[in-house]
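Note sheet for the following structure.
Number of protein chains: 4
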Amino acid sequence: MVQHMQRWAMDSLGRSSLRLVEGRVPTPGRGEILIKVSAVSLNYRDKLVIDTGMGIALPFPFTPASDLAGTVAAVGVEVGRFREGDRVISTFKPGWIDGVAPGSAAAPSYATLGGAHQGVLAEYVVLDESCAVAAPASLGDAEASTLPVAGLTAWFALVEAGRLKAGETVVVQGTGGVALFGLQIARAHGAEVIVTSSDDGKLARAAELGATHGVNRKREDWVAAVHRLTGDRGADHILEIAGGAGLGRSLEAAAVGGRISVIGIIEGVEVSGPVFPLMLKGVRIEGILVGHRRALEDLVRAVDATGLKPVIDAEYGFADLAAALDHLDRGPFGKIVVKVA
Amino acid sequence: MVQHMQRWAMDSLGRSSLRLVEGRVPTPGRGEILIKVSAVSLNYRDKLVIDTGMGIALPFPFTPASDLAGTVAAVGVEVGRFREGDRVISTFKPGWIDGVAPGSAAAPSYATLGGAHQGVLAEYVVLDESCAVAAPASLGDAEASTLPVAGLTAWFALVEAGRLKAGETVVVQGTGGVALFGLQIARAHGAEVIVTSSDDGKLARAAELGATHGVNRKREDWVAAVHRLTGDRGADHILEIAGGAGLGRSLEAAAVGGRISVIGIIEGVEVSGPVFPLMLKGVRIEGILVGHRRALEDLVRAVDATGLKPVIDAEYGFADLAAALDHLDRGPFGKIVVKVA
Amino acid sequence: MVQHMQRWAMDSLGRSSLRLVEGRVPTPGRGEILIKVSAVSLNYRDKLVIDTGMGIALPFPFTPASDLAGTVAAVGVEVGRFREGDRVISTFKPGWIDGVAPGSAAAPSYATLGGAHQGVLAEYVVLDESCAVAAPASLGDAEASTLPVAGLTAWFALVEAGRLKAGETVVVQGTGGVALFGLQIARAHGAEVIVTSSDDGKLARAAELGATHGVNRKREDWVAAVHRLTGDRGADHILEIAGGAGLGRSLEAAAVGGRISVIGIIEGVEVSGPVFPLMLKGVRIEGILVGHRRALEDLVRAVDATGLKPVIDAEYGFADLAAALDHLDRGPFGKIVVKVA
Amino acid sequence: MVQHMQRWAMDSLGRSSLRLVEGRVPTPGRGEILIKVSAVSLNYRDKLVIDTGMGIALPFPFTPASDLAGTVAAVGVEVGRFREGDRVISTFKPGWIDGVAPGSAAAPSYATLGGAHQGVLAEYVVLDESCAVAAPASLGDAEASTLPVAGLTAWFALVEAGRLKAGETVVVQGTGGVALFGLQIARAHGAEVIVTSSDDGKLARAAELGATHGVNRKREDWVAAVHRLTGDRGADHILEIAGGAGLGRSLEAAAVGGRISVIGIIEGVEVSGPVFPLMLKGVRIEGILVGHRRALEDLVRAVDATGLKPVIDAEYGFADLAAALDHLDRGPFGKIVVKVA
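Residue numbers (this note's numbering), protein chains in the order written: chain G, 2 to 342; chain E, 2 to 342; chain X, 2 to 342; chain V, 2 to 342.
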């Protein structure tokens, strides 16, 4: 086995400080697994962490990104969940296995891979075995790497928390990674999906993925469109990319008893909206920060059962991280993946 | 039986237009019951409807108020739920029996008694039999009249939607009617209750009702107090009287996985708060507009089973409506009831 | 409009007493609708009612069957849900709108159409408007008539009560009407479906409908097959046709936390099974008696959204009821429908 | 610190093989804690394990019993949940933290303390830190030791799975440990409780604990009594001590939409009951095998919040295990505790 490896690391905040550094391949300790990384999926949050730190106490030299797919290259003692050769994906938030997330009101936990914990943009990564999940057999590594954050966020909002069912109407705002997973997961459950975008080309591609309706926000008030397309019934679920006054429009668009999942996370941003529709319609607004490991395992099974294929806008080589981040800046259609090996 | 009766009515908006008018006792039609009204409980909303109309198309001459307790004086043909002599209370929103409320996204229903439907400040009222519920045997009429809106709102938020359980922490803001019901209902389920108020006297009275802790908002930051009193764990349920930036503080106070029930309803008011704690803690915010008939029946059973006694700050005679409304303006400790007979 | 109509009626129990009788087309009263019946779907239960009465106090002369699709031919006064010309289907259990079913522990309600209430094997039927639901636009009348009992039973078990999600495994026993709806509804939600049957031909037809796996119970132990096909994980949902010791096998086949929906209803039959797997796996067993109107409305929307087409084994003319009942005796693949008009 | 300790151990099945043996106090490894045991609570299951093995591959020499309260005497490296001096109680089923239990359909897990894992009838015990929970501050060690199995089983059935609320009716069969916890937990949530027993003295003691009604099964049909005491409504929750035809009676006693929690676990025993009430009333039957750690933490908080005091019928000295087991044979009123230190 090789002894040396490369990883991306930064000594201070800012994209320009990212360097490919060489080091020894780590050895897995008790309960740990060594993963030969094949693909890393990037999230908008990774960009924020790299550029701003998001207020997190990053462990410098810091390796960014949280979502990997790879193969178990070695196991430490007392490892029971995996064997050498198993294909795995990572989990975003170590320690959140099922049920309620760790943390308290005063100190909610934001300790994740690629944040308070080291990230995964490396040729080899050691994780506690509790922080990995078997990869879906039906997906290649690049596709599999998109599940831990983008896929799970949409799944957790719509399925784990939202208990989506066939015949319901889901509104998906935009065509980013979470949005397209929301579209595909909703369609896999027999729901109707309305996608909003300001780009007809993206709406056309969303239609190919199964979107029931596309609404161009530049040409039409999307709330009025949701009312029209649902016969005034409204949307049962809305995936709300957090921010500003958008919540108010979502409250208007929501059906009686509808749910709004707030899925973006940007420090300093407020949500606000009128109290009248919130109450008259008994709407539920729920903050969604990815999800727990059990739900990721459910998603993996669903992917294998339904043949869902994550949408990758572009793959970049391991050395081309800068170009991948530039693509993130421009707003991809679906996911951006860095191929490591 | 008497042929004539009095009722409060107004021909235009504004408290000064309220008049006691005389009329014939109505006759119940098919499926309807005639109720001899004993007590009417006032809600803050009644004040708003009288003073501003709240944008509702009121049926003038309009009789205000929605919550009665009384006795069935006569039944129409095909009435099956009640018999003459039964003690009953009204339901706030006709047609909402169980499950999801009527209405659509575009036209959510706000058709309630004392609003789009005539109210109950009258000696006799005719209701469809589906709009009444058997009164609890353990309460007198004045107490029973407080359940349909104030009692049910707190019950629906904490129990029907919130699935409250023993050992959880509930924060109740203020000492109004819904707040004190929230306190009592939470205590009846073995929860701990933190009451916030700016009045030490009211906090002392809340303590007598079983409040575990009282926080004087003038002397202490209530969010810091909630963190301290829960060992940083935070509040599992917060009864949020809708309005402005209060939601942001509630988001800080909420436990991981906690719930905030927004229970006030004031047209024009916004809710707003930071997205970061909403997401990190996976908080649920839910608009609560009273509740359905089945939950009111559940509450009646709970009242009889637990001996819960609603808190009435003052009772006024039927002719003293003006004084009762003045008391509402000042902010009662619990409920204001108008004794009709 | 025509003045006379025909209906099937019986003066005493037993198939031989069924007669086509002539009568006047009824007039809808207050809140009622007159339906010109187009199709009536038969259930195994109808056979039991005709042959044995099932202990129900049938209103002789009695018209059997509960599930119709048709068109509103006239409306009574104060009808608000429907207009003349609307396509509708019936609801099985009048008065069960949402939430918990009517009835008590001592006297559970079994008052349904084609039972304690008159049935629908007639050219015209009057129903209270609360007992009908808009038919799905995507289905013809024969197909639509299969939803009220067979379709709703499977939907209620898997979706309303079972909260089925993509990637779960559903076991469907046999290929009768409820079983095939279970197969189709589960597939529409992205679940995997294992069908058990003793007939290879039926298994092949189930595979064409999307069954993931078929198990011939004559050739293989179906529980062992479920373990094998799920990698020992077991079935998340089992549609159990009530009866005898079958429950014990289902308990063995169920996953940890799995659900068994008992959906047949045959007086005198016992369910039994070993307590050990029930407890070790925390299995839930739930009796399902069709479902409420709101869930039927959900199903109608799901049918329109997913394009699900109910499986009709054969259609019979209105006069050929005897042949239709004979087919029911033999065990159809899916549903038997009587075309009325 | 002492170096030697005593523990109960057996080399083969049968009560007569139990011996007090001396050994070295163990040293906690990585992630482990050493507990100085103060009290051990016995369950009926311990008796079965000692006498019959229950088919479990016991690790001989085997120490029985699963429920301890004690104090952390030392911690291994990387322990984060506890510190020396913390008062703790054990969890029954290692690895079940929250959500769905470990195990599969084919191989459901019954690996518990005092079973496939060593038990706790010892002066010192080493546990993985994940297998302990902070003891409630409001209880002494003897009382605290009764929570892990008896307390949690009742809590899990009624609260975690059953979502009990005030005003509901709970039936508790008998006056054993789980039954009395069920009584107390239900009362702490404002529910009414009907206790059945064949012993008037025990019924009187149950009344002192808050039972709303007692039914002597020797003098009255308990199902008829439940119907009578609930005005025919029936019981919302029934704690069913598994076994035989009892389930049939519980199905008769259950309300529409009621729940039956099957809580005993005896290999070889069947549950059976008529399918008619199961379906007509939409009853849920659920196997309950204790519960997960998060629910135990919820119970601890509820105990501290409500002042619930577990009922201990008798305490025995560490050397008097035989007498304690004899008492278990006779059927205690509440719990039997062995005081270790």
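Idealized CB from N, CA, C, for every residue including glycine.
Close beta carbons around residue i, own chain, < 6 Å, minus the five adjacent residues each side
{"i": "A303 (chain G)", "result": "none"}
{"i": "D87 (chain X)", "result": "V73"}
{"i": "W223 (chain E)", "result": "T197, V216"}
{"i": "A226 (chain G)", "result": "V216"}
Which residues DSSP lists as bridging residue i, in chain order
{"i": "K340 (chain V)", "result": "V:A40, V:G318"}
{"i": "V1 (chain V)", "result": "With chain V represented from 2 up to 342, any question about residue 1 (chain V) goes unanswered, as that position is not in the structure."}
{"i": "I34 (chain X)", "result": "X:V76, X:L128"}
{"i": "I353 (chain V)", "result": "With chain V covering only 2 through 342, there is no way to say anything about residue 353 (chain V)."}
{"i": "W9 (chain X)", "result": "X:L21"}
{"i": "S273 (chain E)", "result": "G:S273"}
{"i": "R164 (chain V)", "result": "Paired residues: none, contrary to the question."}
{"i": "D68 (chain X)", "result": "X:S42"}
{"i": "E287 (chain G)", "result": "G:S262, E:R285"}
{"i": "G335 (chain E)", "result": "E:G177"}
{"i": "I313 (chain X)", "result": "X:K336"}
Endpoints, alpha helix (DSSP H) assigned at residue i
{"i": "I186 (chain V)", "result": "178-189"}
{"i": "L230 (chain E)", "result": "223-230"}
{"i": "G247 (chain V)", "result": "247-254"}
{"i": "M154 (chain G)", "result": "It is Thr, not Met, that sits at residue 154 (chain G) in the sequence shown. It spans 153-156 - the alpha helix (DSSP H) in which T154 (chain G) sits, taken as one unbroken run."}
{"i": "A303 (chain G)", "result": "294-307"}
Which listed residue (the options) has its alpha carbon closest to that of residue i
{"i": "G152 (chain X)", "options": "X:A315, X:H5, X:E298", "result": "X:E298"}
{"i": "I98 (chain X)", "options": "X:G259, X:C132, X:A107", "result": "X:C132"}
{"i": "A256 (chain E)", "options": "E:P278, E:G265, E:L248, E:E241", "result": "E:P278"}
{"i": "M6 (chain G)", "options": "G:P95, G:H118, G:G15, G:T28", "result": "G:T28"}
{"i": "G335 (chain E)", "options": "E:A192, E:K203, E:A40, E:D305", "result": "E:K203"}
{"i": "A40 (chain X)", "options": "X:V26, X:G54, X:L69", "result": "X:L69"}
{"i": "A296 (chain E)", "options": "V:G168, V:A138, V:R229", "result": "V:G168"}
{"i": "K219 (chain V)", "options": "V:Q185, V:D305, V:A145, V:D201", "result": "V:D201"}
{"i": "K94 (chain E)", "options": "E:E79, E:H228, E:V76, E:H118", "result": "E:H118"}
{"i": "A173 (chain E)", "options": "E:L210, E:P149, E:G141, E:A145", "result": "The sequence shown places Val at residue 173 (chain E), rather than the Ala named in the question. Taking only the C-alpha atoms, the option nearest V173 (chain E) is E:L210."}
{"i": "L148 (chain V)", "options": "V:L181, V:R234, V:R206", "result": "V:L181"}
{"i": "G141 (chain E)", "options": "E:R331, E:P311, E:G332, E:L322", "result": "E:P311"}
Same chain only: Cβ atoms within 8 Å of residue i, ignoring 5 sequence neighbours per side
{"i": "P65 (chain V)", "result": "W9, M11, L19, D47, V50, I51, G115, G120, L122"}
{"i": "A162 (chain E)", "result": "R260, S262, E287, I289"}
{"i": "T307 (chain E)", "result": "A189"}
Contact set for residue i: own chain, Cβ-Cβ below 7 Å, skip 5 residues either direction
{"i": "G104 (chain E)", "result": "S110"}
{"i": "L128 (chain E)", "result": "E33, I34, I36, S91"}
{"i": "V89 (chain E)", "result": "I36, G71, V73, F83, A133, V134, A135, A136"}
{"i": "E316 (chain G)", "result": "A143, V338, K340"}
{"i": "F319 (chain G)", "result": "V339, K340, V341"}
{"i": "L329 (chain E)", "result": "L43, Y45, K48, I337"}
{"i": "T53 (chain E)", "result": "L14"}
{"i": "A324 (chain V)", "result": "Y317"}
{"i": "H228 (chain G)", "result": "G235"}
Extent of the continuous beta strand (DSSP E) run through residue i
{"i": "D237 (chain G)", "result": "236-241"}
{"i": "T170 (chain E)", "result": "170-174"}
For this session: Quick one: which unbroken alpha helix (DSSP H) runs of 4-plus residues sit fully inside the region 80-146 of chain X? Chain order, please.
Result: Here the runs fully enclosed are 142-145.
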